[in-house]
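Participant: Under our numbering, think of the first position of the sequence shown as 33, with each following residue one higher.
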Amino acid sequence: MSRYMQITVTVRPYYQPDLAAAFPRLARHLGFLNPDIAQANPSLFDLAGQVDKLLYSYDGTPLREILLRHHKTIRQLHQDIEVNIADWNLAAADRLLYRLEDIFDRLESELDSVPL
33 MSRYMQITVT
43 VRPYYQPDLA
53 AAFPRLARHL
63 GFLNPDIAQA
73 NPSLFDLAGQ
83 VDKLLYSYDG
93 TPLREILLRH
103 HKTIRQLHQD
113 IEVNIADWNL
123 AAADRLLYRL
133 EDIFDRLESE
143 LDSVPL
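1) Closer than 7 Å by C-beta to D144: which residues in its own chain qualify, once you throw out the five before and the five after it? Chain order, please.
2) Is the beta carbon of L109 less than 7 Å from the beta carbon of L139?
3) According to DSSP, simplified to helix, strand and coil, what is V83?
4) Taking S102 and L87 to be in contact with their CB atoms under 8 Å, please state how far apart those CB atoms are, rounded to whole angstroms.
5) Select from A72, Q111, A123 the residue whose C-alpha is nearest the C-alpha of A23.
6) Between which two residues does the alpha helix (DSSP H) holding G63 run?
7) Look up R96 in the DSSP assignment and say whether it is helix, strand or coil.
8) How long is the line joining the alpha carbons of Q48 and F55, rounded to whole angstroms?
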């Protein structure tokens with residue numbers, strides 16, 4: 033790394049137009065207790081990194097129960113993505129991001145049957 037510059041790799045959201053449009057049920061459930069989360073338009077990767085905090089914050093809600101079912105996989109994928117980014121193995125990180133999206137698609141589907 034240079035003394036005055038550094039290269040960074042970030043995971044940014046790329047929803048059209050935002051989280052609420054791509055994952056409306058998830059955004060609605062997140063916004064129920066904390067409207068700032070959905071309005072901040074976090075990436076799924078960012079949400080995965082906050083899964084423990086979300087489980088605590090949403091205790092007693094249907095969202096928590098659904099997150100809990102996927103908790104271990106979400107945490108592991110987040111950690112694996114971080115490792116691959118740190119190792120500059122971006123193709124592997126990208127494949128893992130697709131798997132993370134699949135988990136959130138499943139989560140969104142499970143939220144379909146849950147009243148708010």
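All C-beta atoms in this analysis are idealised placements derived from N, C-alpha and C, irrespective of residue type, glycine included.
Note that the coordinates shown come from a computational prediction; the quantities given were computed from them, not determined experimentally.
Facilitator: Well, looking at it:
1) R57
2) no
3) helix
4) It is worth fixing the name first, because residue 102 is His in this sequence and not Ser. The pair is not a contact, with the Cβ atoms about 11 Å apart (cut-off 8 Å).
5) Past the boundaries of the shown model lies residue 23; the chain is included only from 33 to 148, so the question cannot be answered.
6) 56-65
7) helix
8) 11 Å
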